[in-house]
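Okay, so here's the structure we're looking at.
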Amino acid sequence: MSAGQAVFSGWMEIPESAVRDEAGRMAADETLAALVSQYAGTLYRVAFSVLRNPADAEDAVQEAFLRVLRHRRTLDEVRDRRVWLIRIVWNIVLDRKRRAKTRPETDDVAELARVLPSDGLSAEEMAAAAQHHAYVLACVERLPAKEREVLMLSAFEELNSVEIASVLEISESSVRSRLFRARNLMAELLQHARSLR
Amino acid sequence: MNDPGQNGFSNHPVAAGELSPAEATLRLIAGLPAPQGLEERVRARLAAAPRRGRILSWPAALGLDSGWMRSAAAAAIVCVVAGGGWGVYSRVQRQQPPRVTVLAPRGPAQGSFASSGAVRTPQTLNGPVVAHPPAAPPAQIKDAAKTAPKPVHRARPAAADKPGGQAAPSAAK
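These protein sequence lines map, in sequence, to chains P and S.
For what it's worth, the numbering used here labels the leading residue of the first sequence as 1, then goes sequentially.
For what it's worth, the numbering used here labels the leading residue of the second sequence as 1001, then goes sequentially.
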């Protein structure tokens, strides 16, 4: 074999490291596909609770999984993937909300009535319920950011205080104290609204 | 995974009172189902995402995987970058400092009056006044010289050639 052929065969040769990378990539893709089918719905609900816009929430979920795709090699190092994914999408939606600085779409009562489920309610009852929910959400928006975040995450049944603390990267005692303050503030806001009516 | 409805926040003492409507609203929104086909759309987006480019490996026949070769390549790159930077630096001329002559401020001398900013201007001397008309141009002078009659030379008297002889009386006399 001449020197030129040797060089050419060297270029054409597939190194073992590349084969290992390919196998690892395939495994990571399979893991990612499993994560999508398992947690896409949860992430969507988390995103929707903040953005309150179906299109934006879905876009945030896709962006979260794209970030996971970029770091798919480190998936094995993640302990609790569910909390890790929720933290990713939580940061994304908070960042988007900060940038947008716009009123959420479903603060419109009609839009909220369209999104919320109607369990055998009449049209009038649906309109009244939507108005009530819109008002409550407006009060939630008036809470301080730290208290509001804890209150919104506590609404997710599948997240306990330890997991909320992990998502927000604070201690569990901070979660409980912030939640206590949030509930008191909400009580004051609702009481004030009732007295004005 | 936790049991739904048992995240530890529902039995809060305040929750039973004022906050039940607020948390009910938040839980209602948090429990909204995901839209149909969300997983498929996410998978399609992931499939369309650009993957990282494959890196070609050095040919094994050249033996470039060794450490000294990488070090030599790194040193060559550093030399090229440093040389290029030095070349640019040496060609760029430094900015010359402006040459400014600082004049001493004009101020009144000690013990004298101020000039109030007045500047003394020397008087312009009057030049000589030409009384005669200007001379003719040189071309006219040449023409005049050509047309002028030639002077008649008188013959010298013989006595003038002789030493000790008397010159002839001039015509003026």
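Idealized CB from N, CA, C, for every residue including glycine.
Each of A100(P), R79(P), Y39(P) and R181(P) was checked against the Cα of E158(P), and the nearest Cα belongs to Y39(P). Just measuring C-alpha positions, the residue of L168(P), R73(P) and R114(P) sitting nearest A145(P) is L168(P).
Straight through space, the alpha carbons of L151(P) and A130(P) are spaced by roughly 20 Å.
Each residue's CA atom was taken as its position, placing L51(P) and V93(P) some 7 Å apart.
Going by C-alpha positions, P1033(S) is about 57 Å away from S1071(S).
Cβ-Cβ distances below 8 Å link G1127(S) to nothing in the same chain once the five nearest sequence neighbours on each side are left out. Legend: CB atoms of the segment 114-144 of chain P lying less than 8 Å from CB atoms of chain S belong to residues V115, L116, P117, H132, H133, V136, L137, C139 and V140. Judged by beta-carbon spacing, R142(P) lies beyond the 8 Å limit of A182(P), meaning their Cβ atoms are not closer than that value.
Assigned with DSSP and collapsed to three states, E172(P) falls in helix. Three or more pairs of CB atoms, one per stretch, sit closer than 8 Å, so the segment 30-50 of chain P contacts the segment 66-82 of chain P. Under the 10 Å beta carbon count, S1115(S) is surrounded by fewer than 16 other beta carbons and is classified as exposed.
Looking only at L1028(S), V1080(S) and T1121(S), the smallest Cα-Cα distance to V115(P) is reached by L1028(S). Looking at the backbone, the Cα of R87(P) and that of E58(P) are separated by about 16 Å. Counting the other Cβ atoms within 10 Å of the Cβ of A1076(S) gives fewer than 16, which makes it exposed. The continuous alpha helix (DSSP H) containing A134(P) extends over residues A123 to E141. Rounded to the nearest whole angstrom, the CA to CA distance from I170(P) to P54(P) is 29 Å.
Flagged as an interface residue toward chain S: R45(P), by a C-beta distance shorter than 8 Å.
For V36(P), a Cβ of chain S is located within less than 8 Å of the residue's own Cβ.
Contact between V61(P) and L1038(S) holds, with the beta-carbon distance rounding to 7 Å and staying under 8 Å. Across the structure, A47(P) and V1042(S) are spaced so that their CA atoms are roughly 14 Å apart. The alpha-carbon separation between A1044(S) and G1084(S) amounts to approximately 47 Å. With a beta-carbon spacing of about 18 Å, A1022(S) and V175(P) fall beyond the 8 Å limit used to define contacts. Using a Cβ-Cβ cut-off of 8 Å, V61(P) is close to L1038 and V1042 of chain S, given in chain order. Within the segment 1067-1081 of chain S, contact with chain P at the beta-carbon level (separation under 8 Å) is assigned to no residue. If you look at G1084(S), you'll find it in the alpha helix (DSSP H) that goes G1067 to R1091.
Nearest CB-CB separation between E58(P) and chain S: below the 8 Å threshold.
With a 10 Å radius around the Cβ and a threshold of 16 neighbouring Cβ atoms, V36(P) comes out buried. In the three-state reduction of the DSSP assignment, S177(P) falls in the helix class, which pools H, G and I.
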